[in-house]
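Visitor: I am attaching a structure below and will ask some questions about it afterwards.
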Amino acid sequence: MDNLIRTLDSDTQRKALVTQLKKARDTAQSVEPDASTQPKRDLLGTIASGIKSVEANLNEGRTPLHFWSSRLSTAANEWKTVVAGERNESFGQVLFGMFVTLSGWGACTALLIYGERRIRARYNWHVSPMPTATSLELLAFGLRQTVPWIAAFLAAVLFVGTKSDALGYTLGLVAAYSIVAGAVFSSLCTLVFRMFGTSHRRVANQLLSPRARALLFVIGACGALGDAASNPDVTQLLGPNLAGLVSTFANVTVACSSVYFALAYRRPVAHLIRNRAYQYRHGHKLATEALDILASLWHIPILLIAIASIVAMIDGRGTERGVLQPSLVSAVLLVLTLFLSALLFHLTRVRNNRAQRRTPHLMRLLRFGGTLLIFAIWLTYIRFELELWSGPVARLLKQGAMTPGVKHTFVALATTVFGAWFVWILIDTIILEALSPRSARTKALDPGVRGRTILPLVRNALFVTVVAIAGIVVAANLGVNLTPLLAGAGVIGLAAGFGAKSLVTDLITGLFIIAEETISIGDWIDIDGGHAGTVTDLTIRTVRLRDGQGAIHTIPFSQIKIVKNLSRDFAYAVFEVRAPFSVDMDEIRRLIAEVGAEMMADSHFKNEILGAVEVWGLERFDANWMVIKGQFKTRPLQQWSVTRAFNERLKCKMDTAGIEIPIAQMEVHTLQKELSPPKDVSVDKSRDLFDETMKIQP
């Protein structure tokens, strides 16, 4: 403070300070990059700036390859120092110390195992992992497998403790520690497998226990070796780079073995976790679902820890103890993220048919919200992972030149996709709620018939519109210039309009036919007297009919000139009754009225007939009978069934009344001379002669 006051009091010093501050300001402004050189906020510009940043790092030598090449060179020099005996002891003394430690530890272990077997034989103790063994028996089996190794190792530790700063004895102790750790780890894992390997999980236990034991021993031994090599005492005796190289090799072996175990024994371990008795599954459904999720995800944390460890070592973090802790935290975060994602997916995908029928729009919004939450959870997980790791790759992602552009692009893409999805859900829900039919039985009278016909076209058009807008926004955020594309699309569309004249005619005609509701899905129509059937599908260009034989007719709208629709409002079942000339007309009218009244009272036809029978009267005279005509007013497409039922009942009535239905008759009259047979010709011969004469005449 006194120096600052003296500087400000002196004019010369004050001017010098101001001059220095101005120079510092000018220097800072010159260092600031121009706005034109800033990376673009689109993805393509971001990638370009990111590539430049990576090239700068490579040119400066800041790569994992440079790190490992220098570390291998230093480790080789440290190994040469140990072999040359430039440390406190020669290489022979190192080998002798290792041999003494391992021999003593091995002899002690063998002695303890022999004593344990003699004691069991003396007292007739049977300690074996039977399938029905109790927890105490399994614990005794585990102690028998591990106690001799641990006790012998403790003895070796006490022995090596008397040899201070002895590299050979320390390396022998490290090797013994690795072997003991592998044996204990494999025994504990086998014990755990056997504890859960009862009843229907016994097959999975049989697959795991004998086959995975050697692999588990390798994992435990190499893990202990990597931990021991990073010990400060071992690092001081062996050298930091050489010890780090050994630790790295051991940790990589552990990671690769763990990956193999997780992939090879994924299903047996999942069976051990998932399979439970029926009573437990029936009484604890929530716990059963949680176990199912855990069984399907148990291998993912192991794979993550292994891969993260390998990446961290290659990334330049070496064999520091900091690798294990971030890996474990990453595994815990991944398990939590996967569990929450699976739980949200299960809760938002409700398998309730009643809810799906009553509130389908709410179910869709629920699925949308669940997907959005799952996406947010995974973004949070990625954010924590980037903060957790601090290697060069993580620093590049967090602080590199590409991060601002990537963030902007990623946020824009996610907002566009989810926004378009949400808008489509709202539009589709409004269309379905407003235009969906209420009853399939009253389709002809339902005001939503036109809506059901136009619904696929409207939905498709709106879907294409939403997708096109979202695609344009996505392309703009990716840095694609859409102006030439849109101009080219306009020219191509104009050319296609002139070239596809028939297609344009189909589209325009179909638009008017659908808008005027000339044809609807489910109608029975006759087109130009050549194609008849039920309308099964309507597109913007064609109509599809299914005829009475089941064949499909696809007809472009431009080919339709006249349409006869038999499915609108009502229909008439017109009938004609033939009666002989001798029958009273009033009797025929009475029979027709009785049949009509019976059909109106019949439960099968009273809903299909809209009015009483109408008898128009005597229609015409034919050659052999007279024709009485009438009709029923029926629902659409029911006129044929009503006509068939009416004909059948009227026939029975006429038979009961003794009225014969006339049929076509023909009388043939021939002109011929009378032939008188001779007196001596019998009557039979006269008849034969008459028959021959009739055959000869035309």
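FYI, in full-length UniProt numbering the residues of the sequence shown are 1 to 698. We put the CB at the ideal spot given by N, CA and C, even for glycine. Predicted model, so just to flag it, every value in this text is computed and none were measured.
Please determine, among Gly-510, Gly-226, Ala-551, the residue with the shortest C-alpha to C-alpha distance to Leu-538.
Guide: Of Gly-510, Gly-226, Ala-551, the residue nearest in Cα terms is Gly-510.
Visitor: Helix, strand or coil: how does DSSP classify Gln-665 here?
Guide: Looking at Gln-665 - three-state DSSP - the assignment turns out to be coil, as it is neither helix nor strand.
Visitor: Can you tell me whether Tyr-572 is helix, strand or coil according to DSSP?
Guide: Looking at Tyr-572 - three-state DSSP - the assignment turns out to be strand.
Visitor: Whole-angstrom Cβ separation of Arg-589 and Val-627, contact assumed at under 8 Å?
Guide: Incorrect: roughly 14 Å between the Cβ atoms, too far for contact.
Visitor: Are the stretch 363-380 and the stretch 300-313 touching by the rule of at least three beta carbon pairs closer than 8 Å?
Guide: Short answer: they don't touch.
Visitor: Kindly list the residues whose CB is nearer than 8 Å to the CB of Val-423, restricted to its own chain and excluding five residues on each side of it in sequence; keep chain order.
Guide: So the qualifying residues of the chain are Val-466.
Visitor: Between the beta-carbon of Thr-634 and the beta-carbon of Phe-570, is there less than 8 Å?
Guide: In contact: Thr-634 and Phe-570 (Cβ atoms closer than 8 Å).
Visitor: Select from Val-458, Ala-420, Ile-514, Ala-645 the residue whose C-alpha is nearest the C-alpha of Val-474.
Guide: Per the Cα distances, Ala-420.
Visitor: Of all the options Glu-433, Leu-245, Arg-364, Ala-414, which has the alpha carbon lying nearest to the alpha carbon of Glu-78?
Guide: For the residues Glu-433, Leu-245, Arg-364, Ala-414, the minimum Cα distance to Glu-78 belongs to Leu-245.
Visitor: Excluding the 5 residues flanking Ile-300 on each side, which residues of the same chain have their C-beta closer than 7 Å to its C-beta?
Guide: Cβ neighbours of Ile-300 beyond the five flanking positions: Leu-334, Leu-338.
Visitor: Relative to the C-alpha of Leu-507, which candidate in Ile-560, Cys-189, Glu-587 has its C-alpha closest?
Guide: Per the Cα distances, Ile-560.
Visitor: Just how far apart, CA to CA, sit Asn-251 and Ile-302?
Guide: Distance between the alpha carbons of Asn-251 and Ile-302 is about 14 Å.
Visitor: Quick check: the stretch 562-569 against the stretch 595-610, are at least 3 beta-carbon pairs closer than 8 Å?
Guide: The answer is no - the stretch 562-569 does not touch the stretch 595-610, with fewer than three Cβ pairs under 8 Å.
Visitor: Rounded to whole angstroms, what is the Cα-Cα separation between Val-94 and Ser-103?
Guide: C-alpha separation (whole angstroms): 14 Å.
Visitor: Which partner residues does Arg-620 have in the DSSP bridge list?
Guide: According to DSSP, Arg-620 bridges with Val-627.
Visitor: Would His-271 be called buried (16 or more neighbouring beta carbons within 10 Å of its own) or exposed?
Guide: With 16 or more other Cβ atoms within 10 Å, it is buried.
Visitor: Taking buried to mean at least 16 other C-beta atoms within 10 Å of its own C-beta, is Arg-118 buried or exposed?
Guide: Classification of Arg-118: exposed, given that the 10 Å Cβ count is below 16.
Visitor: Nearest to Gln-145 by alpha carbon, out of Glu-89, Thr-162, Ile-113, Gly-658?
Guide: Among Glu-89, Thr-162, Ile-113, Gly-658, the Cα nearest to that of Gln-145 belongs to Ile-113.
Visitor: Using CA atoms only, rank isn't needed, just tell me which of Ala-181, Pro-232, Pro-268, Asn-241 is closest to Pro-210.
Guide: Measuring from the Cα of Pro-210, the nearest candidate turns out to be Pro-268.
Visitor: Closest to Glu-387 by CA distance: which of Val-577, Ser-330, Ala-181 is it?
Guide: It is Ser-330.
Visitor: Spatial neighbours of Lys-651 within its chain, please: CB distance less than 8 Å, with the 5 preceding and 5 following residues excluded, ordered by chain position.
Guide: The residues are Ile-661.
Visitor: Could you check whether Gly-223 and Ser-186 sit closer than 8 Å to each other, using their CB atoms as the reference points?
Guide: Against a cut-off of 8 Å, the Cβ pair of Gly-223 and Ser-186 comes out as no contact.
Visitor: Could you tell me if Asp-586 is buried or exposed, where buried requires 16 or more neighbouring beta carbons within 10 angstroms of its beta carbon?
Guide: Asp-586 comes out exposed.
Visitor: If you reduce the DSSP assignment to three classes, tell me which class Arg-578 lands in.
Guide: Correct three-state label for Arg-578: strand.
Visitor: Indicate the three-state DSSP secondary structure (helix, strand or coil) for His-361 in the structure shown.
Guide: The answer is helix: DSSP assigns His-361 an H, G or I state.
Visitor: What would DSSP say about Asp-506, mapped onto helix, strand or coil?
Guide: In this structure, Asp-506 counts as helix in the three-state DSSP scheme.
Visitor: Evaluate residue 741 with the Cβ neighbour count: other Cβ atoms within 10 Å of its Cβ, from every protein chain shown; 16 or more gives buried, anything less gives exposed.
Guide: As displayed, the chain neither begins before 1 nor continues past 698, which places residue 741 out of reach and without an answer.
Visitor: Can you grab the Cα-Cα spacing for the pair Thr-505 / Ile-527, in whole Å?
Guide: Approximately 18 Å between the Cα atoms of the pair.
Visitor: Rounded to a whole number of angstroms, what is the C-alpha to C-alpha distance between Asn-124 and Glu-116?
Guide: One C-alpha to the other measures close to 12 Å.
Visitor: Just confirm the distance between the C-beta atoms of Ala-470 and Val-417, as a whole number of angstroms; I'd bet it's less than 8 Å.
Guide: At roughly 7 Å, the Cβ-Cβ gap stays under 8 Å, so Ala-470 and Val-417 are in contact.
Visitor: Between the beta-carbon of Leu-208 and the beta-carbon of Met-98, is there less than 8 Å?
Guide: Against a cut-off of 8 Å, the Cβ pair of Met-98 and Leu-208 comes out as no contact.
Visitor: Output needed for Thr-109: all residues of its chain with C-beta closer than 7 Å, excluding positions within five of it in sequence on either side, in chain order.
Guide: Pro-148, Trp-149, Ala-152.
Visitor: Once the 5 residues before and after Leu-445 are set aside, which same chain residues still bring their CB inside 6 Å of it?
Guide: With a pLDDT of only 39 at Leu-445, under 50, the local geometry of the prediction cannot be trusted, and no value is derived from it.
Visitor: At the level of alpha carbons, what is the spacing between Ser-522 and Gln-639?
Guide: Looking at the sequence provided, one finds Gly at residue 522 rather than Ser. Roughly 16 Å separates the two Cα atoms.
Visitor: Which residues mark the beginning and the end of the beta strand (DSSP E) in which Arg-541 is found?
Guide: Unbroken run through Arg-541: none, as it is neither H nor E.
Visitor: Can you tell me which of Trp-625, Leu-143, Ile-305 puts its alpha carbon nearest to the alpha carbon of Val-184?
Guide: The option with the nearest alpha carbon to Val-184 is Leu-143.
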